[in-house]
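Engineer: The sequence shown begins at 107 in my numbering and counts up by one.
We put the beta carbon where it would ideally sit given N, CA and C, even for glycine.
One structure follows; several queries about it will come next.
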Amino acid sequence: GPKISSKKQLIFVASDLRNDGVNSIAKGMTDAISNLDWNLRLLDGNGSKVRQAAALSRAIMLKPDGIVLGGIDAKYHEQTLQAAQKLGITVIGWHAANTTEVEPDLGLFTNITTDAQKVGEIAASLAIVDAKEHAKVVIFTDSNYSIAMLKTHSMAMAIKQCALLTIEDIPLDNIADEMPDTIARLLQQYPRQITHFLAINDLYIDFAIPSLIASGQNHHLLPKSISAGDGSFEAYQRIRNQSFQLATVPEPLFMQGWQIVDEFNRAFHNMQPSQFETPIHLVVHDNIRTIDRKIGVYDPQNHYREAYMRIWK
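So, in structure tokens, the structure goes:
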């Protein structure tokens with residue numbers, strides 16, 4: 107990659123800073139630019155489509171050098187993103203599309219993600235193995251996100267060799283309201299049948315647990331949960347304690363924050379995006395020690411910070 111550009115202004119438009127994944131990406135970027143003369147400003151969409159659209163429009167009005175679309179699906183904002191492009195603003199997505207290779211008319215320079223299809227496959231495969239090929243599964247998803255639907259499709263296809271009981275479509279910003287009743291209904295509808303919950307995000311599991319406990323059923327008879335992303339502090343606690351959650355498939359969020367800064371630098375030098383996709387990493391009880399208890403983020407010890415600093419010099 108090229109030497110670092112100087113004095114760049116970036117705006118991070120977050121889908122919802124309460125989401126651990128989005129928040130950790132912002133932290134990773136903050137860490138990266140603390141070494142540079144760049145500036146980063148955060149605008150929070152608070153989990154609402156209306157607020158996300160308003161935050162994106164505001165970001166464009168401020169005419170920065172670059173905008174990050176953090177966990178917001180680009181397909182809902184094509185015209186706004188094209189307006190940013192016309193103004194010469196570089197836009198990079200994190201989970202803004204379902205792959206790293208984005209269609210030119212989306213208005214994104216690149217999109218940072220792991221391979222969502224493989225993430226879905228590995229989550230479903232674990233359920234199948236854990237249930238000795240007799241898995242009976244409920245999938246939780248949010249159809250507002252193309253990346254979530256790719257994970258869902260991938261999980262559903264893999265589970266077909268066992269039993270897919272139902273797919274529950276609950277928007278991420280409605281989880282707190284909808285999950286308690288949904289879990290109670292599912293336990294009644296499929297008494298002692300569900301072996302696993304598969305979710306596109308750990309948040310679903312956060313809000314499933316109170317209802318699972320309230321059911322009064324023996325802990326060992328309750329469904330085990332597996333999340334197909336992104337890893338959270340609470341998820342790691344559950345996996346560590348072997349309580350309700352078997353696994354999560356996290357992304358190296360801080361590292362992806364550094365990658366976003368590097369991709370902007372490539373764009374500012376009129377270079378192509380790196381198309382780098384972080385490898386899939388499954389966290390279960392056996393390898394939970396690779397997650398630092400204090401930070402609660404999967405942060406690979408591969409010296410990526412030093413590597414990027416060397417590139418930028």
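1. Of all the options A120, D137 and Q348, which has the alpha carbon lying nearest to the alpha carbon of V367?
2. In three-state terms, what does DSSP make of S112?
3. Shortest alpha-carbon distance to E209 belongs to which of S321, K181, W364 and F382?
4. Just to check my reading of the structure: E369 and T220 have Cβ atoms closer than 8 Å, yes? What is that Cβ distance to the nearest angstrom?
5. Which one or two residues does DSSP pair with G176 in a beta bridge?
6. Tell me, which residues are paired with N217 by DSSP?
7. Would you say P170 and I110 are within 8 Å of each other, going by their C-beta atoms?
8. Rounded to a whole number of angstroms, what is the C-alpha to C-alpha distance between N125 and R164?
9. Just confirm the distance between the C-beta atoms of M361 and G134, as a whole number of angstroms; I'd bet it's less than 8 Å.
10. When you compare only the Cα positions, how much space is there between L271 and S130?
11. Can you give the Cα-Cα distance for L193 and E227, rounded to whole angstroms?
12. If you reduce the DSSP assignment to three classes, tell me which class S140 lands in.
13. Please work out which residues of its chain come closer than 7 Å, Cβ to Cβ, to Q223, disregarding the five sequence neighbours upstream and downstream, and give them in chain order.
14. Closer than 8 Å by C-beta to P385: which residues in its own chain qualify, once you throw out the five before and the five after it? Chain order, please.
15. Would you mind reading off the limits of the alpha helix (DSSP H) that contains T205?
16. Of all the options Q115, K419 and N250, which has the alpha carbon lying nearest to the alpha carbon of L168?
17. Using only CA atoms, which one of I245, V244 and G172 lies nearest to G213?
18. Find the nearest neighbour of Q348 within the set Q378, V355 and V390, judged by alpha-carbon distance.
19. Only counting the same chain, and skipping five residues up and downstream in sequence, which positions put a Cβ closer than 7 Å to that of Q365?
20. Give the C-beta separation of D248 and I306 to the nearest angstrom, bearing in mind that I take them to be a contact with Cβ-Cβ under 8 Å.
21. Out of T196, Y342 and L162, state which residue places its alpha-carbon closest to the alpha-carbon of T186.
22. Suppose the cutoff is 7 Å on Cβ atoms and the five residues either side in sequence are ignored; what does the same chain contact list for N152 look like?
23. Give the list of continuous alpha helix (DSSP H) stretches no shorter than 4 residues that lie fully inside the region 318–363.
24. Give me, in chain order, the residues of the same chain whose beta-carbon lies closer than 6 Å to that of W200; leave out the 5 immediate sequence neighbours on both sides.
25. Counting along the chain, where does the alpha helix (DSSP H) carrying E209 start and finish?
26. Reducing DSSP to helix, strand and coil, say where V367 ends up.
27. What's the call for E274, buried or exposed, on a 16-neighbour Cβ count within 10 Å?
Structural biologist: Straight from the coordinates:
1. Measuring C-alpha to C-alpha distances from V367 to each of A120, D137 and Q348 identifies D137 as the nearest.
2. S112: coil per DSSP, three-state reduction.
3. The residue among S321, K181, W364 and F382 with its C-alpha nearest the C-alpha of E209 is K181.
4. About 15 Å separates the Cβ atoms of E369 and T220, ruling out a contact at the 8 Å cut-off.
5. Under DSSP, the beta-bridge partners assigned to G176 are A120 and W200.
6. Paired residues: G199.
7. With a cutoff of 8 Å on beta-carbon distance, P170 and I110 are scored as not near each other.
8. Cα to Cα, the separation comes out at about 21 Å.
9. For a cut-off of 8 Å, the C-beta gap from M361 to G134 is around 7 Å, short enough to register as a contact.
10. Cα to Cα, the separation comes out at about 33 Å.
11. L193 and E227: Cα-Cα distance of roughly 40 Å.
12. The DSSP-derived three-state label of S140 is coil.
13. Within the same chain, Q223 has close Cβ partners L256 and S260.
14. Taken in chain order, the residues that qualify are T220.
15. T205 -> no alpha helix (DSSP H), and no H or E assigned at all.
16. Residue Q115 is the option with its Cα nearest to L168.
17. When only C-alpha atoms are compared, the closest one is G172.
18. Comparing Cα-Cα distances from Q348 to each of Q378, V355 and V390, the minimum goes to V390.
19. Taking C-beta separations shorter than 7 Å and ignoring five residues to either side along the sequence, the partners of Q365 in its chain run I218 and F382, following chain order.
20. Contact between D248 and I306 holds: their C-beta atoms lie close to 7 Å from each other, under 8 Å.
21. Among T196, Y342 and L162, the Cα nearest to that of T186 is on L162.
22. Excluding positions up to five away in sequence, the list reads D122.
23. Taking only runs of at least 4 residues, the alpha helix (DSSP H) segments lying wholly in the region 318–363 are 339–347.
24. Around W200: I131, G176 and I218.
25. That residue, E209, is in no alpha helix (DSSP H); it is neither H nor E in DSSP.
26. Helix.
27. Per the 10 Å Cβ criterion, buried.
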